[in-house]
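Number of protein chains: 2
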Amino acid sequence: MKVLVVGANGQIGKQVVEKIQKEGKHTAKAVVRKEEQLSYFQDLGAETALVDLEGSIEDIASAAKGSDAIVFAAGSGGHTGADKTILIDLDGAIKTVEAAKQAGVNRFVMVSAIGVHRRENWSSEIQHYSAAKHYADVWLENSGLDYTILRPGGLTNDEGNGKIVAGIDLDRGYIPREDVANTIVAALDEKSVIQKSFDLVSGESDIKEALKKL
Amino acid sequence: MKVLVVGANGQIGKQVVEKIQKEGKHTAKAVVRKEEQLSYFQDLGAETALVDLEGSIEDIASAAKGSDAIVFAAGSGGHTGADKTILIDLDGAIKTVEAAKQAGVNRFVMVSAIGVHRRENWSSEIQHYSAAKHYADVWLENSGLDYTILRPGGLTNDEGNGKIVAGIDLDRGYIPREDVANTIVAALDEKSVIQKSFDLVSGESDIKEALKKL
Numbered sequence: 001m002k003v004l005v006v007g008a009n010g011q012i013g014k015q016v017v018e019k020i021q022k023e024g025k026h027t028a029k030a031v032v033r034k035e036e037q038l039s040y041f042q043d044l045g046a047e048t049a050l051v052d053l054e055g056s057i058e059d060i061a062s063a064a065k066g067s068d069a070i071v072f073a074a075g076s077g078g079h080t081g082a083d084k085t086i087l088i089d090l091d092g093a094i095k096t097v098e099a100a101k102q103a104g105v106n107r108f109v110m111v112s113a114i115g116v117h118r119r120e121n122w123s124s125e126i127q128h129y130s131a132a133k134h135y136a137d138v139w140l141e142n143s144g145l146d147y148t149i150l151r152p153g154g155l156t157n158d159e160g161n162g163k164i165v166a167g168i169d170l171d172r173g174y175i176p177r178e179d180v181a182n183t184i185v186a187a188l189d190e191k192s193v194i195q196k197s198f199d200l201v202s203g204e205s206d207i208k209e210a211l212k213k214l
Numbered sequence: 001m002k003v004l005v006v007g008a009n010g011q012i013g014k015q016v017v018e019k020i021q022k023e024g025k026h027t028a029k030a031v032v033r034k035e036e037q038l039s040y041f042q043d044l045g046a047e048t049a050l051v052d053l054e055g056s057i058e059d060i061a062s063a064a065k066g067s068d069a070i071v072f073a074a075g076s077g078g079h080t081g082a083d084k085t086i087l088i089d090l091d092g093a094i095k096t097v098e099a100a101k102q103a104g105v106n107r108f109v110m111v112s113a114i115g116v117h118r119r120e121n122w123s124s125e126i127q128h129y130s131a132a133k134h135y136a137d138v139w140l141e142n143s144g145l146d147y148t149i150l151r152p153g154g155l156t157n158d159e160g161n162g163k164i165v166a167g168i169d170l171d172r173g174y175i176p177r178e179d180v181a182n183t184i185v186a187a188l189d190e191k192s193v194i195q196k197s198f199d200l201v202s203g204e205s206d207i208k209e210a211l212k213k214l
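Here you go:
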């Protein structure tokens, strides 16, 4: 499979590209916003595309054409305003879903955030972020695509150990970004997670086993 | 009909309540956020309810119970940040749609903004606002309710003259808030605008005629 990784320069996206390229089973196409970000991924042997998520659906679709799956790992990040939360985390995600449909890419893995599917779980400081993520997730769930939505808990930079808990409604917890990336890569090969949305934190089960039980 | 006006203290909402009460054909129930806003509407003989759109769907549904139609004229306004655009213009609107379904109120008139249904029309300074309004509109269109979405052009405080143009895609233009309010009140009695979304600016046609032709 060729896997388009949108938000490849992000902390999770980068590890997804690295793992796909290292594993060698699939190939990654890294989507980044800035020209100076390209060479890192070219050095990994990945294909690349320069796309601004604030651009048109057509721009994204043309990068997606010929891919077999899309991983959406982009985010406006904590350093920008809530206007960018709307334009990237909500509208950018939805445009990518529409681009997948236009380009005929059926498989779509979304990186969301723990608990955003339940409004009563939205923590007050980042309520607007939770809302943006939630509505992007709902759009994907209604898209007709073969989606998987991962909702990881608090992200850490610890080394991953490949052990998780995955479930519809989990208590808050933490997970290394590396294990989120591991779970994304595993999800690409796991049919049982198609049409599923689930919370994800560090735990006791091997990733593949945990995904199979969903 | 009893018409629940959400955002009654806003510049359009206020005129909607006034016109409904003056006309005497229907009755208005004014939904406001602050206690000191209640007396103005009580003096008009309108029912009132105190609801914070950042609260729960259930709060809104309990205010909506027993109404026959909802007018959503709320907005976070230009003085707050984009986080409130997400929480009021997007999530508040969507919660009100869900509350309408919960409360069994089938008729829903939404005040949107010109051109937000086409991403290429979003003007760059308020792109995030356009996105929020757009996704709220899409949610309503998919809700199964008897919706009407009015997308007025630039709002002025001029006196209304009851003359408009209404159409799926209009060039940018202006319209007095009073004529938006007149159009909302007329739309409540006009079956031909059910399941319709349209741009709205000042023009040459009487409101009722313009609505009938949609």
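One line per chain: the protein sequences are A and B, in this order. Numbering-wise, the UniProt record's numbering puts 54 at position 54 of the first sequence, and it's gapless, one number per residue. Numbering-wise, the UniProt record's numbering puts 12 at position 12 of the second sequence, and it's gapless, one number per residue. Just so it is clear, CB atoms sit at the ideal spot from N, CA and C, and this is done for glycine as well.
Is the shortest distance between the beta-carbon of A/Leu90 and the beta-carbons of chain B less than 8 Å? yes
Alpha carbons only, please: which of A/Gly203, A/Ile207, A/Asp206, A/Leu211 is nearest the one belonging to A/Ser197? A/Leu211
Just to confirm, are A/Ala28 and A/Ile20 a CB contact at a threshold of 8 Å? yes
Buried or exposed by the 16-neighbour rule on C-beta atoms within 10 Å, applied to A/Asp169: exposed
Can you tell me whether B/Gln42 is buried or exposed? The criterion is at least 16 other CB atoms within 10 Å of its CB, across all chains shown. exposed
Just to confirm the assignment, what range does the beta strand (DSSP E) spanning B/Ala69 have? 69-72
Simplified DSSP assignment, three categories, for A/Lys65: coil
Could you name the residues of the same chain whose beta carbon sits closer than 6 Å to that of A/Ala82, not counting the 5 residues immediately before and after it, in chain order? His128
Kindly indicate if chain B contains any beta-carbon less than 8 Å away from that of A/Tyr174. no
Can you find a C-beta in chain B that's less than 8 Å from the C-beta of A/Gln127? yes
Where in the segment 46-120 of chain B do unbroken runs of the alpha helix (DSSP H), each at least 4 residues long, occur, reported from the N-terminal end onward? 57-64, 91-103
Anyone know if the C-beta pair for B/Gly86 and B/Ser112 falls short of 8 Å? Inspection of the sequence shows that residue 86 of chain B is occupied by Ile rather than by Gly. No. Outside cutoff.
So which residues of chain A does B/Thr85 contact, with C-beta pairs closer than 9 Å? Ala82, Asp83, Ile86, His128
Give the straight-line distance between the Cα atoms of B/Ile164 and B/Ile70, rounded to the nearest whole angstrom. 23 Å
What do you reckon, are the CB atoms on B/Ala74 and B/Gly10 nearer than 8 Å? yes
For A/His26, which residues from the same chain have a beta carbon less than 6 Å from its beta carbon, with the 5 sequence-adjacent residues on both sides left out? Met1, Val3, Ile20
Counted within 10 angstroms of its Cβ, other Cβ atoms place A/Glu23 as buried (16 or more) or exposed: exposed
Can you tell me which of A/Asp59, A/Glu125, A/Asp199, A/Met110 puts its alpha carbon nearest to the alpha carbon of A/Ala99? A/Asp59
So, do the segment 87-95 of chain A and the segment 136-154 of chain A have three or more beta carbon pairs nearer to each other than 8 Å? yes
Bridge partners of A/Tyr174, per DSSP? A/Gly154
At which residues does the alpha helix (DSSP H) containing A/Ala136 begin and terminate? 127-141
Output needed for A/Asp52: all residues of its chain with C-beta closer than 8 Å, excluding positions within five of it in sequence on either side, in chain order. Arg33, Asp59
Quick one: is B/Ala100 near chain A, going by C-beta distance under 8 Å? no
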